[in-house]
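In terms of UniProt numbering, the sequence shown has 1 at position 1, counting the first letter as 1, and numbering is strictly consecutive.
For each residue, glycine too, the CB sits at the ideal point set by N, CA and C.
The structure under discussion appears below in the form of structure tokens.
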Amino acid sequence: MAIIEVNDAGFKEEIGSGITLVDFWAPWCGPCKMIAPILEELAPEVEGKANIAKLNVDENQATASEYEVMSIPTLILFKDGEPVDKVVGFQPKEQLAALIEKHA
């Protein structure tokens, strides 16, 4: 499954059911660029358990503000629309997989 691009307008709908790991990022962010290929690699491995989505904080400030994203990358795990876990900064693939497993 491919990573979903989400925005302020459709955010609640996209994360409304199941488990979704949302990457709050920006194009100018170095660690965000480092984590992107890890998320691409992880997406097919968690298919059926979780979705992975990306939200550009520069273009979607309302959602970033609502979830108090102060630094990027911030990854928030949502379960049925509610945030259940949050990590800030670069994370290795194993740690992100474990985060999803914990709530799957």
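Taking all protein chains in view, the Cβ of A104 is surrounded by fewer than 16 other Cβ atoms within 10 Å, so the residue is classified as exposed. Just measuring C-alpha positions, the residue of F24, P83, E68, E14 sitting nearest N56 is F24. Separation of the CB atoms of K79 and L42 is rounded to 17 Å, and the pair is thereby denied contact status at 8 Å.
Looking at the backbone, the Cα of S71 and that of P27 are separated by about 13 Å. Separation of the CB atoms of E14 and I4 is rounded to 6 Å, and the pair is thereby assigned contact status at 8 Å. Between the alpha carbons of N60 and V46 lies a gap of roughly 26 Å. Assignment of beta-bridge partners to A104 by DSSP yields no partner.
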